[in-house]
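J.: The sequence shown begins at 1 in the numbering used here and counts up one residue at a time. Have a look at the structure that comes next, please.
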Amino acid sequence: MTITTINRMLPAALAALLAAAACAAPSGTPNGAPSGTRPDTLSGALSGALPDTGAATAAPAAAQDPAAAAAPLSIIDPWVKTARSGMSAAFATLVNTTGAAVTVVAASTPVSPSVELHEVVGDGGTTTMRRKEGGIVIPAGGRHVLQPGGDHIMLMNVRTAIEPGTEVPFTLTLKGGKTVSFTAVAKDFAGANESYAPHE
1 MTITTINRML PAALAALLAA AACAAPSGTP NGAPSGTRPD TLSGALSGAL
51 PDTGAATAAP AAAQDPAAAA APLSIIDPWV KTARSGMSAA FATLVNTTGA
101 AVTVVAASTP VSPSVELHEV VGDGGTTTMR RKEGGIVIPA GGRHVLQPGG
151 DHIMLMNVRT AIEPGTEVPF TLTLKGGKTV SFTAVAKDFA GANESYAPHE
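Written out as structure tokens, the structure is:
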């Protein structure tokens, strides 16, 4: 109902109020003065005369569920190299959906008891894998590609065969304690056979 309509109805509402007051006055009151008017009669007259705009019964807006907030990282095109045992590696594109840098400090998966964040470095014409100190940093609003020959998630001592098409669950742990989970599909890949330099 518009404000204009309500304004047009106010004179009628006031007239009804005055009539109710006159009827409710005690018989001994001169000229039906409203000094003896009963409050419940007045309120009843008002409620009947004024339109119901629905404002009083409007439900409050629901509070936003914190659990529905977007994850700090989106994982795009994750996949893992097939392996019957030994070592494997997982790759993906990590997209930072926040306005601050996000650092991945650890990773885990049920198919391997030992998972590390690795980088590949060149040394005299050969490439060597080693643990990436400080974790993987994704800049605010940016992305970081995990790929063969570069940064990746290293799986060692694989205890469950990773067959083609297998969906392997992973969990990334971020600096500050938050986690991000995703599933990578296993694919055959002949590369990513860099030598492993064990850390001291």
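Yeah, the Cβ is synthetic: ideal placement off N, Cα and C, and Gly gets one too.
Taking the Cβ atom as the reference point for each residue, do L94 and L73 lie within a distance shorter than 8 Å?
T.: yes
J.: Using 10 angstroms around the beta-carbon of I76, count the other beta-carbons present and answer buried if the total reaches 16, otherwise exposed.
T.: exposed
J.: Which of the three DSSP states is assigned to V111 in this structure?
T.: coil
J.: Are the CB atoms of L172 and V104 within a distance shorter than 8 Å?
T.: L172 sits close to V104, with the two beta carbons spaced by under 8 Å.
J.: Can you look up A140 in the DSSP assignment and give me helix, strand or coil?
T.: coil
J.: Do R159 and P113 have their C-beta atoms closer together than 8 Å?
T.: yes
J.: Note the first and the last residue of the continuous beta strand (DSSP E) segment covering S74.
T.: Bounds of the beta strand (DSSP E) holding S74 are L73 to K81.
J.: Could you pull the start and end residues of the beta strand (DSSP E) that I153 belongs to?
T.: H152 to V158
J.: Report yes if the C-beta distance between T109 and A140 is below 8 Å; otherwise report no.
T.: no
J.: Using only alpha-carbon positions, find the residue among E119, E167, T126 and Q147 that is nearest to G134.
T.: Considering only alpha carbons, the answer is E119.
J.: Between which two residues does the beta strand (DSSP E) harbouring A89 extend?
T.: G86 to N96
J.: Please classify K81: is it buried, with 16 or more other beta-carbons within 10 angstroms of its beta-carbon, or exposed?
T.: Here K81 is buried. Its C-beta has 16 or more other C-beta atoms within 10 Å.
J.: Please tell me whether V168 and V111 are closer than 8 Å, where the distance is taken between their beta carbons.
T.: The criterion of a C-beta distance shorter than 8 Å is satisfied by V168 and V111.
J.: Less than 6 Å between C-beta atoms, sequence neighbours within five positions excluded: which residues of the same chain meet that for V180?
T.: A71, L73 and L172
J.: Does the beta-carbon of A33 have 16 or more other beta-carbons within 10 angstroms, so that it is buried, or is it exposed?
T.: With a pLDDT of 44 at A33, under the threshold of 50, the modelled position of that residue is not reliable, and the figure given next carries that caveat. Per the 10 Å Cβ criterion, exposed.
J.: Decide if V185 is buried, meaning its Cβ has at least 16 other Cβ atoms within 10 Å, or exposed.
T.: Label assigned to V185: exposed.
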